[in-house]
Each structure stands twice: as C-alpha cells, then as structure tokens.
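Student: According to the working numbering, the sequence shown is numbered sequentially starting from 11.
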Amino acid sequence: MIDKPKTAAEHGIMAGSPPPQDKRVTHENWDSPPFNRWSFQHVREVLPTVNLSRGNGPVSLLPDARQDLDDVPVVHDRDGRRTTLMGALEDTYTDGFIAIHKGQVVYERYLNDMTVDTLHLAQSVTKSVVGTVAGILIDRGVIDRTAPLSEIIPELTGSGYADAQLHQLMDMRSGVRFGEDYTDPNSDIGKIDVASGWKPYRDGMPLSVLDIPPALPKEREHGGHFQYRSIETDVMAWVMERTTGTHLAELVSQELWQPMGAEHDACITVDRAGYPLADGGLNASLRDYARVGLLYLNDGRAGDRQIVPAEYVRETRQDGDVGAFIQCPYAEHFPRGAYKNQFWVRDVDREQIMARGVFGQTIYVDPGNNLVVAKLSTWPDFVSVDLMLDGLDAIDALAAALNGE
Numbered sequence: 011m012i013d014k015p016k017t018a019a020e021h022g023i024m025a026g027s028p029p030p031q032d033k034r035v036t037h038e039n040w041d042s043p044p045f046n047r048w049s050f051q052h053v054r055e056v057l058p059t060v061n062l063s064r065g066n067g068p069v070s071l072l073p074d075a076r077q078d079l080d081d082v083p084v085v086h087d088r089d090g091r092r093t094t095l096m097g098a099l100e101d102t103y104t105d106g107f108i109a110i111h112k113g114q115v116v117y118e119r120y121l122n123d124m125t126v127d128t129l130h131l132a133q134s135v136t137k138s139v140v141g142t143v144a145g146i147l148i149d150r151g152v153i154d155r156t157a158p159l160s161e162i163i164p165e166l167t168g169s170g171y172a173d174a175q176l177h178q179l180m181d182m183r184s185g186v187r188f189g190e191d192y193t194d195p196n197s198d199i200g201k202i203d204v205a206s207g208w209k210p211y212r213d214g215m216p217l218s219v220l221d222i223p224p225a226l227p228k229e230r231e232h233g234g235h236f237q238y239r240s241i242e243t244d245v246m247a248w249v250m251e252r253t254t255g256t257h258l259a260e261l262v263s264q265e266l267w268q269p270m271g272a273e274h275d276a277c278i279t280v281d282r283a284g285y286p287l288a289d290g291g292l293n294a295s296l297r298d299y300a301r302v303g304l305l306y307l308n309d310g311r312a313g314d315r316q317i318v319p320a321e322y323v324r325e326t327r328q329d330g331d332v333g334a335f336i337q338c339p340y341a342e343h344f345p346r347g348a349y350k351n352q353f354w355v356r357d358v359d360r361e362q363i364m365a366r367g368v369f370g371q372t373i374y375v376d377p378g379n380n381l382v383v384a385k386l387s388t389w390p391d392f393v394s395v396d397l398m399l400d401g402l403d404a405i406d407a408l409a410a411a412l413n414g415e
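1. For a test of the three-state rule: what should DSSP assign to F188, helix, strand or coil?
2. Using the beta-carbon count (16 or more within 10 Å), is Q237 buried or exposed?
3. Give, in chain order, every unbroken run of the beta strand (DSSP E) that is at least 3 residues long and sits entirely within the stretch 46 to 111.
4. Going by DSSP, name the residue or residues bridged to P118.
5. Could you pull out every unbroken beta strand (DSSP E) segment of at least 3 residues lying fully inside the stretch 246 to 288, listed in chain order?
6. Is any beta-carbon of chain C found at less than 9 Å from that of L99?
7. What are the boundary residues of the alpha helix (DSSP H) that F335 is part of?
8. Does Q428 pass the burial test, meaning 16 or more other C-beta atoms within 10 Å, or should it be called exposed?
9. Indicate the three-state DSSP secondary structure (helix, strand or coil) for I373 in the structure shown.
10. Whose C-alpha, out of E161, T193, S134 and I108, is nearest the C-alpha of T279?
11. Does the stretch 172 to 192 come within contact of the stretch 224 to 244, defined as at least 3 CB pairs closer than 8 Å?
12. How long is the line joining the alpha carbons of P73 and V115, rounded to whole angstroms?
13. Could you check the C-alpha separation between L287 and G414 for me, to the nearest Å?
14. When you compare only the Cα positions, how much space is there between K16 and D203?
15. What number of angstroms, rounded off, separates the C-alpha of T102 from the C-alpha of D391?
16. With DSSP run on the structure shown, which of helix, strand or coil describes K33?
17. For D105 versus S394, is the C-beta distance shorter than 9 Å?
18. Look up I363 in the DSSP assignment and give the residues it is bridged to.
19. For the candidate residues D314, N351, Q362 and M398, whose alpha-carbon lies nearest to that of L71?
20. By a C-beta neighbour count over all protein chains shown, 10 Å radius and 16 as the cutoff for buried, is P227 buried or exposed?
21. So, L79 versus L402, is the Cβ gap smaller than 9 Å?
22. So, is L159 buried or exposed, given that buried needs 16 or more other C-beta atoms within 10 angstroms?
23. Taking buried to mean at least 16 other C-beta atoms within 10 Å of its own C-beta, is T193 buried or exposed?
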C-alpha cells in the first residue's frame, strides 16, 4: 500500500516559534515540495500582493445539497487501481475540492488545514480568470482583438509580438519563441519567476515581467499550432491595462469579482514595478474559483445578471481548434482537446473545459453533466500527467455517481 501524502503539519513545516531552519518557508524554497503544501495557502506571507476587492455587494449564494460521497468508487483506467473519491483526493495532494451539480453544492472537502476562508494560489488558473475579463472588454468594444499589438503597445514594435493579434495570444497560437521549461532557472519561464519576484533576483535577469515581451523574437508565423506560453497572458493583461488605463487587479475586481458575487477578497502577486502576474499570481478561496466555473456553465450569467458575454462563453466551449492542438503533449489524452480563450478544452464535442495550473489547480466545467468542480492541490511536481489523469478519473466517477450510474 502506498503511503498517503503528508500534510504541511505532518511535515512540521513552519511549526514552532521560530520553526527549525530546515522547516522554514523562504523566498528560495516556497514553491518547492514539500514547502508548497504550506506556502500555497500563505502566499501573502511570502510575496508582495495587491488586493482584489469583492466590494460590498451581496454574495452569490451556493445552495447546499451536500451528500456523503467520500466512498464513491474510483477506478483508474490506465492501470486498474481502485480507490474511493476521498482516497483519490488524498492521493492527488488535494487541499480543497468542491462539486456543484445542477446549481447546488453536493460535495465539499478541505484537507491539509485549508478552510472555506483560505486564499489558495491558483497558478495558471489565473490565465482563465484574466481571459474572462478580456472577453468582457472585447465584447464591450474596449479592446480590438484583431489589431496588431504594436498599435496598442508601441514598446512591442520590433519584437515578435509586433504584428501578432490579441486573439492569437488568447489561444496561445502566436509565433513568438518562448521556453516553458519550469525546471530550468535560465529558461524564459525561469526569467518570469525572477522578474515577477517569485524567485530572488540574479544578475542579468529582467527586473519586471514587462521587460520580457519586447525582447522575444518571432520564430514562425502567427496563427499556427497551439504552444503553451505563459507570457502570452502577461502581454494580454498589458493590453488590458494600457487600453483601459486601469490596474489589472482593479479590472478583475470591477468586471468580474464584484459582479459575480464573490464571497472573499482575492489577491494577486506583483513584481518590483507593481505589475501583477497575470499568468499565475491569483489567490482566492475555493468557492470563488467555483463561481468562475459556474459562469461558464450558465452561459455567462450569475443569477439574473449577465456577467460574461454569452457568445464568448459559447466560443470558449465550442470553437477550440482540435487540429491546432494535435502537436500538444496532452493530445494523446484529450483526442478531441483544444485550447481556447485561455481555457483548456478536454473535449470540444462535450464542451468540457478546464482552467488548469501547475501543481494541480483546476476549475472543471462539464455542461453535459451540469457539473462544476474546483480542485486546489499541492503536487510535489510542477507537472504530472499521472496526477492530472487521476484527478480527472475522480471527477468522472463523481459525475457518474451523481447521475445514478
């Protein structure tokens, strides 16, 4: 039998006053295992952030119809392993998990000392949240997603982004060269870690996230195959800020967090220049992540209010280009997969979409089963296909149980 992953408390991380040196979370180790088991729920104690207000409006209610689903059987198709829903959550380093079926909370669990009020780092789920606000601004005519980016941001003239269009970035189909190797500190994404303030500064590294895009070259024509590049979202957010004259945190608050009836303020990490990390810095509560998912289940509506344009939701769920996705390493697991408007599409035909972040963050939207799931985790690796698929197996088993299968 495989031992269950240890919690932060079981590891002794940040226990004591002061904690032993080998148990302290630092600027150097905070996003490394096992320290991330503590730090992803305490980002404001490690990094500078800016608040993202929920305002003073009413909270969007989540009706309670919770069921005892801990023992729902889960079979992992790849190797036949059998467990239960709770066992699968523990095995995949879950911190929080909520399932909303037919508009009601049917299952909600907090592990690793997380609570309903805890703000948890979203990693690249942030991309989907920022993309949602971009969709609102595009629909309103504030942003032209077909204009060359250099016309909006002259600083990009001469870069690979000069003649790219915003919609190409939203689908991650630009032709700009960018390396997304999380384990290489000198890769392009490694430079973002330093520039964003997530890692200590090193000589020769950029001082701000916005120092990076103007130096990136073009390696192929825009509009080709999908290639995941975190910097695309940061450029998209730059367009949003430049066009509106409003800070990203304020934009997300005004256009999404307040209108959808978020329960808690959120926050987002900022670099030395005060620029928010649009590609991964959001911290919010589990239920508020689920509320974002509900917008995509309910055609952009929260209650009787249209928050996200219905057409933007439709194209996100239906218009992903499967052909452009075929070179993606995940294509073998998602043969009808795509990437659209900063969302991963698990299956275009079933309109199943996911906001995903490294270390196991997920908002999952399944219109066919009238289901939204939010899962927050602290995997021991940036990326794990096995843990990702195990989590999806658990969601599939839950959906089957809710449908009486």
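Note that the Cβ used here is the ideal one computed from N, Cα and C, for glycine as well.
Tutor: So, to answer that:
1. Translated into positions along the sequence shown, residue 188 becomes position 178. Three-state result, F188: coil.
2. Position 227 of the sequence shown, counted from the first residue, corresponds to residue 237. Result: buried.
3. Entirely contained in the stretch 46 to 111, the beta strand (DSSP E) runs reaching 3 residues are, in chain order, 59 to 62, 83 to 85, 92 to 94 and 104 to 111.
4. Working through the sequence shown from its first residue, we reach residue 118 at position 108. A small correction: the amino acid at residue 118 is Glu; Pro does not occupy that position in the sequence shown. For E118, which the question treats as bridged, DSSP gives the partners I108.
5. Complete beta strand (DSSP E) runs here, min 3: 276 to 279.
6. Protein chain content of the structure displayed is limited to a single chain, and chain C is not contained in it.
7. Along the sequence shown, read from residue 1 onward, the residue named residue 335 stands at position 325. Its alpha helix (DSSP H) spans residues V332 to F335.
8. This structure gives no information on residue 428, because the portion of the chain shown stretches from 11 to 415.
9. Residue mapping note: residue 373 aligns to position 363 of the sequence shown, counting from 1. Reduced to three states, the DSSP call for I373 is strand.
10. Numbered from its first residue, the sequence shown carries residue 279 at position 269. Checked all of E161, T193, S134 and I108; the closest Cα to T279 is S134.
11. Enough Cβ pairs lie closer than 8 Å, so yes.
12. Taking the first residue of the sequence shown as position 1, residue 73 is located at position 63. Taking the first residue of the sequence shown as position 1, residue 115 is located at position 105. For P73 and V115, the distance between alpha carbons rounds to 6 Å.
13. Within the sequence shown, the letter at position 277 stands for residue 287. Within the sequence shown, the letter at position 404 stands for residue 414. Rounded to whole angstroms, L287 to G414 spans 42 Å at the Cα level.
14. Here the question's residue 16 lines up with position 6 in the sequence shown. Here the question's residue 203 lines up with position 193 in the sequence shown. K16 and D203 have their C-alpha atoms spaced approximately 27 Å apart.
15. Sequence index remark: in the sequence shown, residue 102 carries index 92 (1-based). Sequence index remark: in the sequence shown, residue 391 carries index 381 (1-based). Distance between T102 and D391, taken at the CA atoms: about 11 Å.
16. Locating residue 33 in the sequence shown gives position 23, counting from the first residue. Helix.
17. The count along the sequence shown starts at 1 and reaches residue 105 at position 95. The count along the sequence shown starts at 1 and reaches residue 394 at position 384. With contacts defined by Cβ atoms closer than 9 Å, D105 and S394 do not form a contacting pair.
18. Indexing the sequence shown from 1 puts residue 363 at position 353. Answer is V355 and V375, bridged to I363.
19. Mapped onto the sequence shown, residue 71 falls at position 61. Proximity to L71 across D314, N351, Q362 and M398 peaks at D314, based on C-alpha coordinates.
20. For the purposes of this step, residue 227 is taken as residue 217 along the sequence shown, with counting starting at 1. It counts as exposed.
21. Along the sequence shown, read from residue 1 onward, the residue named residue 79 stands at position 69. Along the sequence shown, read from residue 1 onward, the residue named residue 402 stands at position 392. Here L79 is not near L402, since their CB atoms are 9 Å or more apart.
22. Translated into positions along the sequence shown, residue 159 becomes position 149. By the 16-neighbour rule on beta-carbons within 10 angstroms, L159 is buried.
23. Taking the first residue of the sequence shown as position 1, residue 193 is located at position 183. Burial call: exposed.
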